[in-house]
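*Asks:*
Residue numbers (our numbering): 19 to 396.
1) Look at residue 75 and residue 89 and say whether their C-beta atoms are less than 8 Å apart.
2) Between the stretch 173-188 and the stretch 146-154, do three or more beta carbon pairs fall short of 8 Å?
3) Do you know how far the Cα of residue 133 is from the Cα of residue 199?
4) Short of 7 Å in beta carbon distance, which residues of its chain neighbour residue 221, apart from the five on each side in sequence? Order them along the chain.
5) Taking C-alpha atoms, which residue in 234, 253, 288, 211 lies nearest to residue 226?
6) Taking only the alpha-carbon atoms, compute the straight-line gap between residue 131 and residue 283 and give it to the nearest angstrom.
7) Residue 88 bridges to which residues according to DSSP?
8) For residue 248 and residue 197, I'd like the C-alpha separation in whole angstroms.
9) Taking C-alpha atoms, which residue in 255, 268, 389 lies nearest to residue 206?
10) Is it buried or exposed, residue 127, if we count other Cβ atoms within 10 angstroms and call 16 or more buried?
11) Given a threshold of 16 other Cβ atoms within 10 Å of its Cβ, counted over all protein chains shown, does residue 340 qualify as buried or as exposed?
12) Using a Cβ-Cβ cutoff of less than 6 Å, which residues in the same chain neighbour residue 129 once the five nearest sequence positions on both sides are dropped?
13) If you drop the 5 nearest sequence neighbours on each side, which residues of the same chain put their C-beta closer than 6 Å to that of residue 28?
14) Contact defined as beta carbons within less than 8 Å: I believe residue 208 pairs with residue 318. What is the distance between those atoms, to the nearest angstrom?
15) Do residue 294 and residue 348 have their C-beta atoms closer together than 8 Å?
16) Determine the DSSP secondary structure at residue 56, reduced to helix, strand or coil.
17) Determine the closest residue to residue 342 out of 355, 351, 328, with distance taken between C-alpha atoms.
18) What did DSSP end up calling residue 29 once you bin it into helix, strand or coil?
19) Under 6 Å Cβ to Cβ from residue 202, same chain only, skipping five residues before and after it: list those, please.
20) On the DSSP letters alone, give me the boundaries of the beta strand (DSSP E) that residue 230 sits inside.
21) Which term fits residue 407, buried or exposed, when burial requires 16 or more other beta carbons within 10 angstroms of its beta carbon?
22) Below 8 Å between beta carbons: does that hold for residue 37 and residue 69?
23) Does the Cβ of residue 140 have 16 or more other Cβ atoms within 10 Å, making it buried, or fewer, making it exposed?
24) Would you tell me roughly how many angstroms separate the C-alpha atoms of residue 120 and residue 362, rounded to the nearest one?
25) Just to check my reading of the structure: residue 146 and residue 160 have Cβ atoms closer than 8 Å, yes? What is that Cβ distance to the nearest angstrom?
26) Applying the 10 Å Cβ sphere with the 16-neighbour rule, what's the burial state of residue 25?
27) Determine the extent of the alpha helix (DSSP H) in which residue 252 is found, giving its start and end residues.
28) In angstroms with no decimal places, state the Cα-to-Cα distance between residue 104 and residue 41.
29) Can you have a look at residue 389 and say buried or exposed, based on whether 16 or more other CB atoms are within 10 angstroms of its CB?
30) Can you give the Cα-Cα distance for residue 193 and residue 251, rounded to whole angstroms?
31) Quick check on DSSP: helix, strand or coil for residue 195?
32) So, helix, strand or coil for residue 43, using DSSP?
33) Going by Cα to Cα distance, which pick from 364, 316, 22, 356 is closest to residue 336?
34) According to DSSP, residue 328 sits in a beta bridge with which residue or residues?
35) Compute the distance between the beta-carbons of residue 213 and residue 307, then report whether it is under 8 Å.
36) Taking the continuous beta strand (DSSP E) assigned at residue 310, which residues delimit it?
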(Lines of atoms letter the chains of each structure in order from A and count residues from 1; the text may use other names and numbers.)
(Lines give C-alpha, C1' and ligand atoms only; values in the text may rest on other atoms or scores of the structure.)
Protein backbone atom coordinates (compact mmCIF):
# COMPACT_ATOMS: atom_id res chain seq x y z
CA UNK A 1 0.00 0.00 0.00
CA UNK A 2 1.29 3.45 -0.88
CA UNK A 3 2.73 5.75 1.77
CA UNK A 4 -0.02 8.31 1.24
CA UNK A 5 -0.51 11.37 3.44
CA UNK A 6 1.00 11.49 6.93
CA UNK A 7 -0.37 14.64 8.64
CA UNK A 8 1.65 16.10 11.50
CA UNK A 9 -1.12 18.20 12.98
CA UNK A 10 -4.88 18.25 13.41
CA UNK A 11 -5.21 21.02 10.83
CA UNK A 12 -3.17 19.08 8.27
CA UNK A 13 -5.35 16.02 8.80
CA UNK A 14 -8.57 18.04 8.40
CA UNK A 15 -7.21 19.70 5.26
CA UNK A 16 -6.33 16.34 3.73
CA UNK A 17 -9.86 15.07 4.32
CA UNK A 18 -11.40 18.23 2.92
CA UNK A 19 -9.20 18.02 -0.17
CA UNK A 20 -10.23 14.42 -0.79
CA UNK A 21 -13.89 15.34 -0.31
CA UNK A 22 -13.57 18.16 -2.86
CA UNK A 23 -12.20 15.62 -5.35
CA UNK A 24 -14.76 12.97 -4.31
CA UNK A 25 -11.84 10.67 -3.63
CA UNK A 26 -12.14 7.88 -1.09
CA UNK A 27 -9.87 8.03 1.98
CA UNK A 28 -8.46 4.95 3.72
CA UNK A 29 -7.50 5.73 7.33
CA UNK A 30 -4.66 3.60 8.73
CA UNK A 31 -3.06 3.55 12.17
CA UNK A 32 -0.77 0.63 12.99
CA UNK A 33 -2.13 -1.50 10.16
CA UNK A 34 -3.05 -4.43 12.42
CA UNK A 35 -6.71 -4.57 11.34
CA UNK A 36 -6.55 -3.80 7.61
CA UNK A 37 -8.80 -6.76 6.88
CA UNK A 38 -11.51 -5.73 9.34
CA UNK A 39 -14.56 -4.38 7.61
CA UNK A 40 -13.71 -5.36 4.04
CA UNK A 41 -11.80 -3.91 1.10
CA UNK A 42 -11.49 -0.24 0.17
CA UNK A 43 -11.01 1.25 -3.32
CA UNK A 44 -7.43 0.66 -4.46
CA UNK A 45 -7.29 4.27 -5.64
CA UNK A 46 -8.22 5.65 -2.22
CA UNK A 47 -6.02 8.26 -0.60
CA UNK A 48 -4.16 6.55 2.25
CA UNK A 49 -4.13 8.74 5.35
CA UNK A 50 -1.78 7.50 8.06
CA UNK A 51 -2.02 8.68 11.66
CA UNK A 52 1.49 7.72 12.83
CA UNK A 53 2.59 11.33 13.40
CA UNK A 54 -0.49 12.10 15.52
CA UNK A 55 1.23 10.43 18.44
CA UNK A 56 1.42 11.92 21.91
CA UNK A 57 0.57 11.03 25.50
CA UNK A 58 -0.35 13.70 28.04
CA UNK A 59 -1.23 12.63 31.59
CA UNK A 60 -3.64 15.20 32.99
CA UNK A 61 -4.22 16.28 36.59
CA UNK A 62 -7.77 14.89 36.74
CA UNK A 63 -6.99 11.16 36.37
CA UNK A 64 -7.35 11.30 32.62
CA UNK A 65 -4.88 11.14 29.75
CA UNK A 66 -5.01 12.68 26.29
CA UNK A 67 -3.79 10.19 23.70
CA UNK A 68 -3.02 10.99 20.07
CA UNK A 69 -4.87 8.67 17.73
CA UNK A 70 -1.64 7.47 16.12
CA UNK A 71 -0.05 6.48 19.43
CA UNK A 72 0.59 2.73 19.71
CA UNK A 73 -1.59 1.64 22.62
CA UNK A 74 1.27 -0.35 24.14
CA UNK A 75 3.34 2.87 24.32
CA UNK A 76 0.45 4.79 25.88
CA UNK A 77 0.00 2.07 28.49
CA UNK A 78 3.72 2.11 29.34
CA UNK A 79 3.86 5.91 29.58
CA UNK A 80 0.81 6.11 31.85
CA UNK A 81 2.19 3.23 33.93
CA UNK A 82 5.07 5.41 35.11
CA UNK A 83 2.52 7.41 37.11
CA UNK A 84 1.16 4.26 38.80
CA UNK A 85 -1.99 4.29 36.70
CA UNK A 86 -3.25 2.45 33.66
CA UNK A 87 -5.35 2.76 30.54
CA UNK A 88 -7.80 -0.07 31.20
CA UNK A 89 -8.29 -0.94 27.53
CA UNK A 90 -6.46 -4.18 26.76
CA UNK A 91 -7.30 -5.87 23.46
CA UNK A 92 -4.89 -8.03 21.50
CA UNK A 93 -2.55 -5.46 19.93
CA UNK A 94 -1.53 -7.40 16.85
CA UNK A 95 -0.65 -10.83 15.56
CA UNK A 96 2.58 -12.47 16.61
CA UNK A 97 5.18 -10.04 17.94
CA UNK A 98 3.60 -6.91 16.47
CA UNK A 99 1.97 -4.89 19.29
CA UNK A 100 1.38 -2.00 16.88
CA UNK A 101 -2.34 -1.30 17.24
CA UNK A 102 -2.92 2.40 17.75
CA UNK A 103 -5.27 4.21 20.10
CA UNK A 104 -7.33 5.46 17.16
CA UNK A 105 -7.62 2.02 15.61
CA UNK A 106 -8.68 0.39 18.87
CA UNK A 107 -11.34 3.03 19.53
CA UNK A 108 -12.57 3.09 15.92
CA UNK A 109 -13.10 -0.69 15.93
CA UNK A 110 -14.43 -0.82 19.52
CA UNK A 111 -11.81 -3.44 20.31
CA UNK A 112 -11.49 -4.52 23.93
CA UNK A 113 -10.02 -7.14 26.24
CA UNK A 114 -10.60 -8.87 29.58
CA UNK A 115 -10.45 -5.65 31.65
CA UNK A 116 -13.74 -4.60 30.05
CA UNK A 117 -15.44 -6.72 32.73
CA UNK A 118 -14.60 -4.19 35.44
CA UNK A 119 -13.88 -0.96 33.61
CA UNK A 120 -16.26 -1.17 30.68
CA UNK A 121 -15.87 -1.17 26.93
CA UNK A 122 -13.83 1.59 25.25
CA UNK A 123 -16.89 3.79 24.77
CA UNK A 124 -17.43 3.76 28.53
CA UNK A 125 -13.87 4.92 29.23
CA UNK A 126 -13.68 7.82 26.81
CA UNK A 127 -14.36 11.26 28.31
CA UNK A 128 -13.45 13.34 25.27
CA UNK A 129 -12.75 13.14 21.55
CA UNK A 130 -11.17 15.31 18.90
CA UNK A 131 -12.10 14.40 15.32
CA UNK A 132 -11.62 15.75 11.80
CA UNK A 133 -14.59 15.69 9.44
CA UNK A 134 -14.55 15.59 5.65
CA UNK A 135 -15.76 19.21 5.46
CA UNK A 136 -12.44 20.29 6.99
CA UNK A 137 -13.78 20.93 10.48
CA UNK A 138 -11.98 19.86 13.66
CA UNK A 139 -14.60 19.04 16.29
CA UNK A 140 -14.08 18.47 20.02
CA UNK A 141 -16.42 16.85 22.49
CA UNK A 142 -16.11 16.03 26.17
CA UNK A 143 -14.71 17.43 29.39
CA UNK A 144 -12.33 19.90 27.78
CA UNK A 145 -14.93 21.64 25.64
CA UNK A 146 -15.57 25.07 27.16
CA UNK A 147 -19.26 25.32 26.36
CA UNK A 148 -21.98 22.71 26.40
CA UNK A 149 -22.78 21.38 22.93
CA UNK A 150 -26.09 20.18 21.64
CA UNK A 151 -26.31 17.38 19.10
CA UNK A 152 -24.67 14.01 18.66
CA UNK A 153 -22.72 12.11 21.32
CA UNK A 154 -19.44 11.87 19.42
CA UNK A 155 -17.86 9.59 22.00
CA UNK A 156 -20.41 6.85 21.43
CA UNK A 157 -20.79 7.37 17.69
CA UNK A 158 -17.11 7.31 16.75
CA UNK A 159 -16.29 4.32 18.97
CA UNK A 160 -16.99 1.40 16.66
CA UNK A 161 -17.54 3.54 13.56
CA UNK A 162 -14.58 1.90 11.74
CA UNK A 163 -13.49 5.33 10.52
CA UNK A 164 -16.60 5.79 8.38
CA UNK A 165 -17.70 9.08 10.00
CA UNK A 166 -14.36 10.91 10.13
CA UNK A 167 -10.83 10.74 11.44
CA UNK A 168 -10.08 10.31 15.13
CA UNK A 169 -7.32 12.74 16.10
CA UNK A 170 -7.11 12.32 19.89
CA UNK A 171 -9.04 10.77 22.75
CA UNK A 172 -9.28 11.61 26.45
CA UNK A 173 -9.56 8.47 28.56
CA UNK A 174 -10.07 7.78 32.25
CA UNK A 175 -7.10 6.40 34.16
CA UNK A 176 -7.26 3.80 36.92
CA UNK A 177 -4.81 2.70 39.63
CA UNK A 178 -2.29 0.18 38.34
CA UNK A 179 -2.55 -2.99 40.47
CA UNK A 180 0.73 -4.19 41.94
CA UNK A 181 -0.37 -7.81 42.10
CA UNK A 182 -3.07 -10.09 40.74
CA UNK A 183 -4.32 -13.66 41.00
CA UNK A 184 -6.64 -15.76 38.88
CA UNK A 185 -9.08 -18.45 39.93
CA UNK A 186 -9.77 -21.17 37.36
CA UNK A 187 -12.57 -23.70 37.10
CA UNK A 188 -13.77 -25.98 34.31
CA UNK A 189 -16.78 -27.93 33.12
CA UNK A 190 -18.00 -29.78 30.06
CA UNK A 191 -21.55 -28.60 30.81
CA UNK A 192 -22.24 -25.22 29.22
CA UNK A 193 -25.23 -24.61 31.50
CA UNK A 194 -22.97 -25.03 34.56
CA UNK A 195 -20.62 -22.39 33.15
CA UNK A 196 -23.56 -20.05 32.57
CA UNK A 197 -24.85 -20.48 36.13
CA UNK A 198 -21.33 -20.13 37.57
CA UNK A 199 -20.84 -16.90 35.62
CA UNK A 200 -23.98 -15.39 37.07
CA UNK A 201 -23.14 -16.47 40.63
CA UNK A 202 -19.53 -15.26 40.48
CA UNK A 203 -20.48 -11.93 38.94
CA UNK A 204 -23.07 -11.39 41.66
CA UNK A 205 -20.93 -12.52 44.62
CA UNK A 206 -17.58 -11.00 43.56
CA UNK A 207 -18.21 -7.57 42.12
CA UNK A 208 -14.60 -6.46 42.65
CA UNK A 209 -13.20 -8.74 39.91
CA UNK A 210 -10.82 -7.28 37.35
CA UNK A 211 -11.88 -9.78 34.71
CA UNK A 212 -14.23 -12.73 34.27
CA UNK A 213 -13.60 -14.63 31.05
CA UNK A 214 -14.81 -17.81 29.42
CA UNK A 215 -12.75 -20.20 27.30
CA UNK A 216 -14.32 -23.09 25.37
CA UNK A 217 -13.05 -25.68 22.91
CA UNK A 218 -14.07 -29.17 21.81
CA UNK A 219 -17.06 -29.32 24.14
CA UNK A 220 -15.12 -28.38 27.25
CA UNK A 221 -14.12 -25.14 28.90
CA UNK A 222 -14.28 -23.00 31.95
CA UNK A 223 -13.98 -19.64 33.61
CA UNK A 224 -11.03 -17.42 34.53
CA UNK A 225 -11.65 -14.83 37.25
CA UNK A 226 -8.92 -12.29 38.02
CA UNK A 227 -8.60 -10.40 41.29
CA UNK A 228 -6.13 -7.56 41.95
CA UNK A 229 -4.61 -5.65 44.83
CA UNK A 230 -2.65 -6.52 47.99
CA UNK A 231 -5.11 -9.31 48.93
CA UNK A 232 -5.43 -10.70 45.41
CA UNK A 233 -4.59 -14.30 46.28
CA UNK A 234 -6.98 -14.36 49.22
CA UNK A 235 -9.74 -12.89 47.07
CA UNK A 236 -9.05 -15.44 44.32
CA UNK A 237 -9.35 -18.24 46.87
CA UNK A 238 -12.81 -16.98 47.78
CA UNK A 239 -13.76 -16.95 44.08
CA UNK A 240 -12.52 -20.53 43.72
CA UNK A 241 -14.79 -21.56 46.57
CA UNK A 242 -17.72 -19.99 44.72
CA UNK A 243 -16.69 -21.87 41.58
CA UNK A 244 -16.82 -25.14 43.49
CA UNK A 245 -20.23 -24.27 44.90
CA UNK A 246 -21.44 -23.54 41.35
CA UNK A 247 -20.35 -26.98 40.14
CA UNK A 248 -17.07 -26.16 38.41
CA UNK A 249 -14.26 -28.68 38.79
CA UNK A 250 -10.45 -28.67 38.63
CA UNK A 251 -10.33 -25.34 40.41
CA UNK A 252 -6.94 -23.70 40.80
CA UNK A 253 -5.32 -20.42 41.81
CA UNK A 254 -2.55 -18.78 39.74
CA UNK A 255 -0.61 -15.84 41.10
CA UNK A 256 1.64 -15.72 38.04
CA UNK A 257 -1.29 -15.25 35.70
CA UNK A 258 -0.11 -12.96 32.90
CA UNK A 259 0.23 -15.81 30.38
CA UNK A 260 -3.36 -16.91 31.04
CA UNK A 261 -4.72 -13.53 30.06
CA UNK A 262 -2.31 -13.15 27.15
CA UNK A 263 -3.76 -16.39 25.81
CA UNK A 264 -7.30 -15.05 26.21
CA UNK A 265 -6.46 -11.92 24.25
CA UNK A 266 -4.64 -13.93 21.58
CA UNK A 267 -7.81 -15.95 21.09
CA UNK A 268 -9.46 -12.82 19.70
CA UNK A 269 -7.28 -12.88 16.55
CA UNK A 270 -6.33 -15.43 13.91
CA UNK A 271 -4.39 -15.44 10.64
CA UNK A 272 -5.64 -18.87 9.52
CA UNK A 273 -9.33 -18.85 10.45
CA UNK A 274 -12.32 -16.55 10.64
CA UNK A 275 -12.83 -14.66 13.89
CA UNK A 276 -16.39 -13.50 14.61
CA UNK A 277 -17.29 -11.20 17.49
CA UNK A 278 -20.67 -12.20 18.92
CA UNK A 279 -22.86 -10.15 21.24
CA UNK A 280 -25.57 -12.07 23.09
CA UNK A 281 -27.32 -11.87 26.44
CA UNK A 282 -25.35 -13.20 29.40
CA UNK A 283 -28.21 -15.58 30.12
CA UNK A 284 -27.61 -17.18 26.72
CA UNK A 285 -23.96 -18.09 27.32
CA UNK A 286 -24.73 -21.82 27.35
CA UNK A 287 -26.52 -21.54 24.01
CA UNK A 288 -23.56 -19.67 22.52
CA UNK A 289 -21.11 -22.33 23.74
CA UNK A 290 -23.33 -25.11 22.42
CA UNK A 291 -23.25 -23.48 18.98
CA UNK A 292 -19.45 -23.42 19.19
CA UNK A 293 -19.39 -27.16 19.84
CA UNK A 294 -21.67 -27.83 16.87
CA UNK A 295 -19.43 -25.78 14.57
CA UNK A 296 -16.12 -27.09 15.94
CA UNK A 297 -15.24 -23.53 16.96
CA UNK A 298 -13.18 -22.27 19.86
CA UNK A 299 -14.40 -19.35 21.98
CA UNK A 300 -12.90 -16.80 24.32
CA UNK A 301 -14.77 -13.85 25.72
CA UNK A 302 -16.22 -11.74 28.48
CA UNK A 303 -18.52 -14.19 30.23
CA UNK A 304 -20.57 -11.62 32.14
CA UNK A 305 -20.81 -9.10 29.28
CA UNK A 306 -22.10 -11.46 26.61
CA UNK A 307 -19.16 -10.78 24.25
CA UNK A 308 -17.62 -13.86 22.64
CA UNK A 309 -14.95 -14.31 19.96
CA UNK A 310 -15.46 -17.39 17.79
CA UNK A 311 -12.52 -18.85 15.85
CA UNK A 312 -13.81 -21.18 13.15
CA UNK A 313 -13.56 -22.22 9.52
CA UNK A 314 -14.65 -19.58 7.02
CA UNK A 315 -17.35 -21.82 5.52
CA UNK A 316 -19.05 -22.01 8.94
CA UNK A 317 -19.63 -18.25 9.33
CA UNK A 318 -23.09 -18.23 7.73
CA UNK A 319 -24.12 -21.25 9.79
CA UNK A 320 -22.92 -19.51 12.95
CA UNK A 321 -25.17 -16.53 12.27
CA UNK A 322 -28.13 -18.79 11.59
CA UNK A 323 -27.54 -20.76 14.80
CA UNK A 324 -27.21 -17.88 17.29
CA UNK A 325 -30.05 -16.96 19.65
CA UNK A 326 -32.55 -14.44 18.32
CA UNK A 327 -31.31 -10.90 18.81
CA UNK A 328 -27.63 -11.83 18.98
CA UNK A 329 -25.25 -9.85 16.79
CA UNK A 330 -22.20 -11.09 14.89
CA UNK A 331 -19.41 -9.13 13.18
CA UNK A 332 -16.73 -10.91 11.17
CA UNK A 333 -13.27 -9.58 12.10
CA UNK A 334 -10.31 -11.63 10.91
CA UNK A 335 -10.42 -13.68 7.72
CA UNK A 336 -7.59 -15.64 6.10
CA UNK A 337 -5.99 -13.84 3.19
CA UNK A 338 -8.03 -14.31 0.04
CA UNK A 339 -11.13 -15.55 1.86
CA UNK A 340 -13.14 -12.31 1.83
CA UNK A 341 -15.30 -13.11 -1.19
CA UNK A 342 -18.80 -14.16 -0.28
CA UNK A 343 -18.44 -13.54 3.46
CA UNK A 344 -20.91 -10.99 4.82
CA UNK A 345 -19.03 -9.16 7.56
CA UNK A 346 -22.12 -7.45 8.97
CA UNK A 347 -25.63 -8.83 8.83
CA UNK A 348 -28.05 -5.97 9.39
CA UNK A 349 -31.65 -6.26 8.24
CA UNK A 350 -33.32 -3.42 6.40
CA UNK A 351 -35.26 -1.19 8.76
CA UNK A 352 -34.80 1.63 11.27
CA UNK A 353 -31.22 0.65 12.22
CA UNK A 354 -29.98 0.77 8.66
CA UNK A 355 -31.82 4.03 8.00
CA UNK A 356 -30.24 5.60 11.09
CA UNK A 357 -26.76 4.49 10.01
CA UNK A 358 -27.24 6.04 6.59
CA UNK A 359 -28.52 9.27 8.15
CA UNK A 360 -25.45 9.46 10.42
CA UNK A 361 -23.11 8.83 7.49
CA UNK A 362 -24.79 11.62 5.54
CA UNK A 363 -24.58 14.00 8.51
CA UNK A 364 -20.90 13.48 9.31
CA UNK A 365 -19.47 12.57 5.90
CA UNK A 366 -21.83 13.93 3.23
CA UNK A 367 -19.17 13.47 0.55
CA UNK A 368 -19.00 9.77 1.46
CA UNK A 369 -15.19 9.60 1.34
CA UNK A 370 -14.23 8.26 4.80
CA UNK A 371 -13.50 4.52 4.58
CA UNK A 372 -16.50 4.13 2.21
CA UNK A 373 -15.86 0.45 1.52
CA UNK A 374 -16.29 -0.27 5.22
CA UNK A 375 -19.64 1.48 5.51
CA UNK A 376 -22.17 -1.25 6.18
CA UNK A 377 -25.12 0.94 5.26
CA UNK A 378 -24.32 0.85 1.53
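Note that CB positions come from ideal geometry on N, CA and C, so glycine has one too.
*Replies:* So, to answer that:
1) Result yes, Cβ atoms of residue 75 and residue 89 sit closer than 8 Å.
2) Enough Cβ pairs lie closer than 8 Å, so yes.
3) If I take the Cα positions, the gap works out to 15 Å.
4) In the same chain as residue 221, and ignoring 5 residues on each side of it, the C-beta atoms closer than 7 Å to its own belong to 230, 322, in chain order.
5) Check the Cα spacing between residue 226 and each of 234, 253, 288, 211: the tightest is with 253.
6) For the pair residue 131 and residue 283, the Cα-to-Cα distance works out to about 6 Å.
7) Residue pairing by DSSP places residue 88 in no beta bridge whatsoever.
8) Going by the C-alpha atoms only, they are around 8 Å apart.
9) Selected option, being the one with the closest Cα: 268.
10) Buried: at least 16 other Cβ atoms inside 10 Å.
11) By the neighbour-count rule (16 or more Cβ atoms within 10 Å), residue 340 is not buried but exposed.
12) The residues 109, in chain order, have a CB closer than 6 Å to that of residue 129 in the same chain once the five nearest residues on each side in sequence are set aside.
13) Hits under 6 Å: 156, 187.
14) Between the beta-carbon of residue 208 and that of residue 318 there is about 17 Å, and that puts the pair past the 8 Å contact cut.
15) Cβ atoms of residue 294 and residue 348: closer than 8 Å.
16) Taken through DSSP and simplified to helix, strand or coil, residue 56 comes out as coil.
17) Answer by Cα proximity: 328.
18) In this structure, residue 29 counts as helix in the three-state DSSP scheme.
19) Correct list, in chain order: 242, 244, 272, 275, 278.
20) Start and end: 229-235.
21) The chain is shown only over 19 to 396; residue 407 falls outside these bounds and no answer can be derived.
22) No.
23) With 16 or more other Cβ atoms within 10 Å, it is buried.
24) Those two C-alpha atoms are separated by around 26 Å.
25) Going by Cβ atoms, the distance from residue 146 to residue 160 rounds to 2 Å, so yes, they are a contact pair.
26) Buried, by the Cβ-count rule.
27) Its alpha helix (DSSP H) spans residues 250-263.
28) So the two alpha carbons sit approximately 42 Å from each other.
29) Here residue 389 is buried, its C-beta having at least 16 other C-beta atoms within 10 Å.
30) Answer to the nearest angstrom: the Cα atoms are 24 Å apart.
31) Looking at residue 195 - three-state DSSP - the assignment turns out to be strand.
32) Annotated three-state conformation of residue 43 is coil, per DSSP.
33) Among 364, 316, 22, 356, the Cα nearest to that of residue 336 is on 364.
34) Bridge partners of residue 328: 294, 317.
35) The answer is yes: Cβ separation under 8 Å.
36) For residue 310, there is no enclosing beta strand (DSSP E); the residue is found in the alpha helix (DSSP H) stretching over 303-312.
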